[in-house]
Every structure is written in structure tokens, then in C-alpha cells.
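Residue numbers (our numbering): 145 to 574.
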């Protein structure tokens, strides 16, 4: 097959001296120079090398030829870039030390960058710190070996060793350091807790002895006394509850009567107005004429007399209702006080009242009565039903003695959101 010959380059015009210099073709020269530079990078100019450097005689066969024949592995681009090393040495700084090969050699230690703080180097700063905190042994900025040899290592898990040098004496000399103050305990820490019993009453014991009547196998006499005593108290509470409910019903009934009276008065006034309008309308129909001033005054006097009569009647009714309401409120106030006293916690069966609390309105609920009714008494341990809770009793005892505060659990209230309109429109300037 014939070799492909490239087409000759078109000849440019060479009429003038300037055009001759400009249009001279130096492509072959530049190509040759590029090829020489590439050969130098790859190891040297091929034309100047001997044949022994260019060619070698392979006397041993390659073991990888068979593997490459069946599978050729394409190298990675990274490996190609790393393997393409230039044989031309890098530039050398004449001011720095160079080795035999002309390559700069270093000592392997990076130069130390000096950072300064407020114009003072770190070295000077450390020296000043050692002088400030080292004492007499560090006048030159470094502690002596003798001083460090005499000191023992500190054992954080060992026994407390008294300070021989007198740290307290050193701290007294430092006027700019605040002296440590001892924590002063409040005077009330030595006082006994304030219970909820009234003043003058017997203090609540840490362990209260229960009534013998609440035993699982009680004596009949003690059980009967406790049953009758608690039954009378419950009957009294029920009577007061019924009386309080009746009084509430009476108050609500009186309030309804007042509303009905007001509605009746309004309806009567509307009816009288309608009748007056109808009467006037009929009179107009019969005889269309205007009323005289005497007739108008007569109608006004009649309406005023009717209004005064209604007002007096209403006032009398209100006086009677107010009198009865005062009596009901008085009785109701007495009943409420009695109920509040009855609701207070019972420290013992004989003591139902508790000390008035100043900062807390909520009192402890009444203790549950652990009393078995006749049908609940068991005749054998197999049928016995356990009652009470030692944990609740212990917790209640702590609250009664004042060791734990007696207050009800309160939920945290959410902050109210207030939506307002911005007044930025007032700052508008034309």
C-alpha cells in the first residue's frame, strides 16, 4: 500500500521584505525543537546516545507475556500521571545547602512559628508564669533539680497530708485574692419541723399506734366502740351535706323568682303601651282631633301613678327577699365553716382539727378509715383481705409532722399570648 503524502502547503505572497519575513514557514524547526525537549525529559536525545543505551538483548523470556496476551489490564489515570516523572532535576536555590546530587537537603525539623500575645513571646510568657507561681525556687524562670527531687508525687487516692508550707499564710499575703468564706447554715436548720397540729396540742409521733378496733381480729368491745363512733360522725356529715344542698336550692329558687318578676314587669309595660296606642288609634278613628294640654297632663299623671305603684310593690318584694337572703347567707356561712372544719385531716380519731395554714389553702385529704364492717370480718386467715398501705401511712405521717410540705400538685400555667398590631406605620415619612 502506497504511503499517504500530505498535500503541500499553499505558498503565501512574498512581494515585500516584510511579507517575506512574516510568511516564512518554520513549522519543521518548531516540531524538531519540541521533539528534542520531549526526548530530554524522557532521558536524553536519542541521536546522541550509544546503541548499548538504546537496545538490550533479551536472553530470558517474559513470564507475563502469556497473561498479557489473554488479558490486558488498563492502568489507572492516576498511575499514569505518577509514573510520568521527568528526569530533569528541579531548580536549586543557591543560598541553601545542597547534597552531592545537587538536591537540597533538610534537617527534617519544621521551622517554629513565633506567636506573640500582646507583644510578648510565648517563651517569655512561660518564664514569667514560672516566676509568678514557682516561688523562691524559680527566680531564673526554671525550677532547680534539688527542689523537684525533694517533692513527693501527689496521690489523689491517698490520705490527706497537712500542708507543711502553710498555704493559709501565703493566701493571707495575697491581698488581691478573696479569702474563702465558710458556708453559714441558717438558724432554722436546727429547729424542729413545723407540723400541721394546732399550738398546744400534742405533737404527732413518728410512729403512731393504730386504734385496736381496726385489727384483723379485734376485740368485740373495741371494734363496736370504734364502729359506733365513726358511724355517728358520718351521719352528722351527711345531715350537714343535705342541709347545705337544700339551702343552695332555696338561693337558686329566689334568683329565679327575681328574674321572673323582671320579665313580668317588662311584659306588663309592653302591654300597657300597646293598649294605649290602640286606644289612641280608635279615638283618632272616631274623632280625629288633637288632645288638649289638660288631657295630656292627665295621661302623664295616670302613668306616673301606675309606675310608682309598681315600684313600691317591687320594693316590698325585694325587701322581703333580701331579709330572707341575709338569713340564708348567715346560716350558709355557719354551715360552710362547719364543713371546712369537718374536711380537715384527722390526726387521731379524737383530733379532727389542724393548724391554720397561712401560705397554702389546700389541706391534706381526710385519712381513709380502715374499719371493717360486720360482713367484712374474716373468720380465718384464708379469707382475710389485707387493708392499708405502709408506704401511704409513712408518707402521710411525714406530711403531718411537717417534714414534707403539704400542698396540692399544681400544673404550670402557660403564658398568655397577646397579639398586637405594630405601630411602624406611624413612623412613615413622606
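Just so you know, even glycine gets a beta-carbon here, dropped at the ideal spot from N, CA and C. All of these numbers come straight from a predicted model, not from anything done at the bench.
Point to revise | N- and C-terminal bounds of the alpha helix (DSSP H) containing residue 198 | key: 195-198
Exercise. Is residue 162 helix, strand or coil when you go by DSSP?
Worked result: helix
Next on the checklist: Please state whether the Cβ-Cβ distance between residue 363 and residue 354 is less than 8 Å.
Outcome noted: no
Which stretch, first to last residue, makes up the alpha helix (DSSP H) that contains residue 175?
171-186
- Query: CA-CA distance, residue 541 and residue 376?
  - Reply: 26 Å
Would you report the Cα separation of residue 496 and residue 379, rounded to the nearest angstrom?
-> Any reading at residue 496 must be qualified, since the residue scores a pLDDT of 39, below 50, and its modelled position is unreliable; no value is offered.
| task | Going by CA-CA distance only, name the one from 527, 323, 475, 327 that's closest to residue 391. | result | 475
- Task: List the endpoints of the continuous alpha helix (DSSP H) containing residue 521.
- Result: No alpha helix (DSSP H) contains residue 521, which DSSP labels as neither H nor E.
C-beta atoms of residue 190 and residue 198 nearer than 8 Å
yes
Item to check | Backbone CA spacing between residue 465 and residue 399 [nearest angstrom] | outcome: 10 Å
At the level of alpha carbons, what is the spacing between residue 517 and residue 527? 15 Å
Residue 545 - containing alpha helix (DSSP H), residue span: 534-545
Requested in this report: Less than 8 Å between the CB atoms is what I'm expecting for residue 387 and residue 459, so what's the real figure, rounded?
Outcome: Wrong, their Cβ atoms sit about 31 Å apart, outside the cutoff.
Exercise. Near residue 442, what residues of its chain come up, given a Cβ to Cβ distance below 8 Å and the 5 sequence neighbours on each side ignored?
Worked result: none
- Within the same chain, show all residues whose beta-carbon is closer than 7 Å to that of residue 500, passing over the 5 residues directly before and after it, in chain order. Bear in mind that the predicted position of residue 500 carries a pLDDT of just 46, short of 50, making it unreliable; the figure below should be weighed with that in mind. So the list is empty, once near-sequence residues are dropped.
* Using 10 angstroms around the beta-carbon of residue 341, count the other beta-carbons present and answer buried if the total reaches 16, otherwise exposed. => buried
Check the C-beta distance from residue 519 over to residue 531 and give it rounded, since I have them as a contact under 8 Å.
Rounded, the Cβ-Cβ distance is 15 Å, inconsistent with contact.
**Closest residue to residue 508 among 543, 525, 521 (Cα-Cα distance)** = 543
Original post:
DSSP state of residue 437, grouped into three classes?
Top reply: helix
Q: Determine the burial state of residue 164: buried for a count of at least 16 other Cβ atoms within 10 Å of its Cβ, exposed for fewer.
A: exposed
Whole angstroms are fine: how far does the CA of residue 461 sit from the CA of residue 348?
55 Å
Which residues in the same chain as residue 482 place their Cβ atom closer than 7 Å to its Cβ, once the five residues preceding and following it in sequence are excluded?
384
| said: Considering just the uninterrupted stretch of the alpha helix (DSSP H) at residue 201, what are its terminal residues? | reply: Per DSSP, residue 201 belongs to no alpha helix (DSSP H) and is neither H nor E.
(message) Assuming contact is defined by CB atoms lying nearer than 8 Å, are residue 185 and residue 222 in contact in what I supplied?
(response) no
Close-in-space but distant-in-sequence residues of the same chain around residue 350 (CB under 6 Å, 5 per side omitted)
none
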